[in-house]
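Numbering (this note's numbering), first residue to last: 5 to 183.
To start, the structure itself, in structure tokens.
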Amino acid sequence: GKVLGIASVGLLQYLIWVLCGVALFIFNPANFTSSLEKGFIKPEEIALFLVFFVLGFFFYASVFAAMGSVCSTDQEVQQLMLPIVIILIFPVLILGMILQNPNAGWIVALSLIPLFSPTLMMTRIAIMSVPIWQVISSIAILAFGVIFMAWVGGKIYRNGILMTGKRPTIFELLKWIRA
Numbered sequence: 005g006k007v008l009g010i011a012s013v014g015l016l017q018y019l020i021w022v023l024c025g026v027a028l029f030i031f032n033p034a035n036f037t038s039s040l041e042k043g044f045i046k047p048e049e050i051a052l053f054l055v056f057f058v059l060g061f062f063f064y065a066s067v068f069a070a071m072g073s074v075c076s077t078d079q080e081v082q083q084l085m086l087p088i089v090i091i092l093i094f095p096v097l098i099l100g101m102i103l104q105n106p107n108a109g110w111i112v113a114l115s116l117i118p119l120f121s122p123t124l125m126m127t128r129i130a131i132m133s134v135p136i137w138q139v140i141s142s143i144a145i146l147a148f149g150v151i152f153m154a155w156v157g158g159k160i161y162r163n164g165i166l167m168t169g170k171r172p173t174i175f176e177l178l179k180w181i182r183a
């Protein structure tokens with residue numbers, strides 16, 4: 005319930021931005037169409053942003069839910085969240101390199117990995133014409149990642165909820181996932 009509520013808030017914010025664009029079109033169509041013709045933002049980019057937002061949100065929600073289910077204190081949550089937050093910040097840290105060479109092999113590879121694809125692929129799409137196979141591959145891999153992380157998160161949650169007070173080891177987590 006909480007995850008869907010937060011997702012709804014994010015989608016509401018997205019809807020507000022789209023409605024602002026529609027209002028701009030209604031009240032000043034000349035400027036709006038001129039902006040579209042100059043290529044500031046394309047309608048397909050808006051649709052792709054929505055797809056990557058929804059998939060990325062549910063991917064990370066699954067990751068955070070799995071982590072939260074194995075923690076019993078706020079300190080444990082903070083320790084486990086640090087690596088994921090660093091992964092979320094990483095695309096911002098390499099933004100200069102992405103802008104200089106968005107087609108570099110390592111950037112293309114990272115934009116296909118679910119941990120990075122919601123931000124990296126959208127950055128690449130915004131600054132260049134990304135080959136369609138890369139966009140479709142990124143979406144498909146991210147969608148599979150959402151399903152996989154939800155499955156893994158469910159397994160960890162089912163076992164983690166019974167382990168109150170005891171923090172599991174990596175080996176215990178792997179055993180829970182296999183069970």
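The beta carbon of each residue, even a glycine, is placed where N, CA and C say it ideally should be.
These figures come from a predicted structure and were not determined experimentally.
Inset, instruction - Round the Cβ separation of I145 and P122 to the nearest angstrom and send it over; I've been treating them as touching at under 8 Å. - result: Indexing the sequence shown from 1 puts residue 145 at position 141. Indexing the sequence shown from 1 puts residue 122 at position 118. Not really, about 11 Å apart at Cβ, beyond 8 Å.
Legend entry - Straight-line Cα distance separating D78 from S133: If you number the sequence shown from 1, residue 133 lands on position 129. If you number the sequence shown from 1, residue 78 lands on position 74. Rounded to whole angstroms, the separation of the alpha carbons of D78 and S133 is 43 Å.
Inset, instruction - Express the C-alpha separation of G9 and T173 in angstroms, rounding to a whole number. - result: Numbered from its first residue, the sequence shown carries residue 173 at position 169. Numbered from its first residue, the sequence shown carries residue 9 at position 5. Answer to the nearest angstrom: the Cα atoms are 31 Å apart.
Legend entry - Inter-residue spacing [alpha-carbon to alpha-carbon] between L177 and F63: Within the sequence shown, residue 177 is the residue found at index 173, counting from 1. Within the sequence shown, residue 63 is the residue found at index 59, counting from 1. If you take the alpha carbons of L177 and F63, they lie about 19 Å apart.
Legend entry - Pairwise C-alpha distance: K159 and A183: Indexing the sequence shown from 1 puts residue 183 at position 179. Indexing the sequence shown from 1 puts residue 159 at position 155. Inter-residue distance for A183 and K159 is about 8 Å (C-alpha atoms, whole angstroms).
Inset, instruction - Using a threshold of 8 Å, state whether the C-beta atoms of P106 and I131 are closer than that. - result: Indexing the sequence shown from 1 puts residue 106 at position 102. Indexing the sequence shown from 1 puts residue 131 at position 127. Against a cut-off of 8 Å, the Cβ pair of I131 and P106 comes out as a contact.
Inset, instruction - Could you tell me the boundaries of the alpha helix (DSSP H) in which A65 lies? - result: Residue 65 sits at position 61 when you count from the first residue of the sequence shown. Following the DSSP letters along the chain, one finds A65 inside the alpha helix (DSSP H) bounded by residues 47-73.
Legend entry - Limits of the alpha helix (DSSP H) - the one that F152 falls within: The residue you call residue 152 lines up with position 148 of the sequence shown. Boundaries of the alpha helix (DSSP H) harbouring F152: 136-164, taken from the DSSP string.
Legend entry - Enclosing alpha helix (DSSP H) for A113 [first to last residue]: For the purposes of this step, residue 113 is taken as residue 109 along the sequence shown, with counting starting at 1. Where A113 is concerned, the enclosing alpha helix (DSSP H) starts and stops at 109-114.
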